[in-house]
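K.L.:
Here it is, the structure, as structure tokens.
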Amino acid sequence: MPVSEALRRLAVTPAFWTGEPFDTEGLPAEVHLSFPVVGGYALVLDIELPSGDRALGLRRPSASEPVQLGWAPPSGPYPAALRWWELERFARVIALSDPLLPHPGLVVALLSPFAPAADGDDPAEIAAVREAAYRSLHREIPFDEQLAALTGGPEQAPLPLFTSERWWPMPRVPSPQVLDEAAIASLSTPAQARLQVRAGHRFPHEDLSDLVRHASALLTELPNQDWYAATRSLAGRIVGSGDLTAVPDLLGALTGAGCDHPTVLDALSEPLVPLEACWVVETLAGAEPGTLLRHHV
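Laid out in structure tokens, this is it:
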């Protein structure tokens, strides 16, 4: 899915994520986001501006309009339209089909409020995935701002006595991170389900179950395909040990076998983000989602 200019603007606006009012000048009255998953199904998020109201829908194969899964104001409460494990599975499939939407990232950040923790879920695991998603939101820092910060010191090296910041404070390079630590901590905490929309007779249970089957089948079959099959045993050993130090070996084996999938290779490349590496290694090993991640949360 091409990331629209409207979504780019929203993604780097902290108030959009925290549910606070923000300037919507130049933005359309409604932002329509469609995330194709598999088998002709797509998750659709409509955001009304400036109110910030959000509606999550499921578009079925050969259908022009999605059926609604849930609606929420910008700051919640959000309905339990998806199970957490369903969203996590869909996000993996979306990432594999669209390198512009790596997992966890924008998809999880946008849709995880609709997938609160339920009985049997691991709150620490959910919080770790959500935290990584919100941390992945970065703004571009103009070169002149970077240069101003980096060249704010003396023209020549000071004497050792005057090297501390107390004598010569250096400006900090602007952070590309959209959200500060307090906002990330607040957003990462998985809320408990409050609005049980899945109990309604209009909820598309059969269609959602069909999408789950398609997504699960794709992830199950992937380790047996092409170059992935040759590296499945190595991925399995990493999952079994819980140790990510062998990830460079897995990356080398994949590239040596001819793998050129950008999502897979990026997740296993330096600088290594453990959570990004975990989901790819789990997928290549054919392991249950979260098996490796639990060693790192």
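For the sequence shown, the positions run 104 to 400 when this note's numbering is used. C-beta atoms are modelled at their ideal positions from N, C-alpha and C, and glycine is treated no differently.
1) Since Pro-219 is in the beta strand (DSSP E), which residue starts that stretch and which ends it?
2) Do three or more CB pairs link the segment 294-304 to the segment 231-245 at distances below 8 Å?
3) Should the segment 337-356 be regarded as contacting the segment 301-321, the criterion being three or more beta carbon pairs within less than 8 Å?
4) Output the boundary residues of the alpha helix (DSSP H) element that contains Gly-343.
5) Output yes or no for whether 9 Å exceeds the beta carbon distance between Ala-286 and Thr-127.
6) Since Asp-149 is in the beta strand (DSSP E), which residue starts that stretch and which ends it?
7) DSSP puts Gly-160 in a beta bridge; with which residues?
8) To the nearest angstrom, how far is the alpha carbon of Asp-329 from that of Ser-178?
9) Report the rounded CA-to-CA distance for Glu-151 versus Ser-137, giving the unit in angstroms.
10) Counting C-beta neighbours from all protein chains within 10 Å, is the total for Arg-305 16 or more, i.e. buried, or is it exposed?
11) Determine the contact status of Ala-221 and Ala-183, defining contact as a CB-CB distance below 9 Å.
12) Run the CB neighbour count on Gly-173, radius 10 Å, all protein chains shown included, and call it buried at 16 or more, exposed below.
13) I need the straight-line Cα distance from Asp-313 to Ser-278, nearest angstrom please.
14) Tell me the rounded alpha-carbon separation between Val-400 and Ser-344.
15) Can Leu-136 be considered in contact with the ligand ZN, in the sense that its beta carbon sits closer than 8 Å to one or more heavy atoms?
16) Which of helix, strand or coil does DSSP assign to Ser-165?
17) Going by Cα to Cα distance, which pick from Thr-292, Ser-372 and Ala-390 is closest to Gly-339?
18) Inspect the CB distances between the segment 184-195 and the segment 204-224 and report whether three or more fall short of 8 Å.
P.N.:
With the given structure in hand:
1) Counting along the chain, Pro-219 falls outside any beta strand (DSSP E), and DSSP gives it neither H nor E.
2) no
3) no
4) 329-344
5) no
6) 145-151
7) Val-147 and Gln-171
8) 44 Å
9) 15 Å
10) exposed
11) yes
12) buried
13) 42 Å
14) 15 Å
15) Of the ligands one can find in the structure shown there are none, so the ligand ZN has no counterpart to examine.
16) coil
17) Ala-390
18) yes
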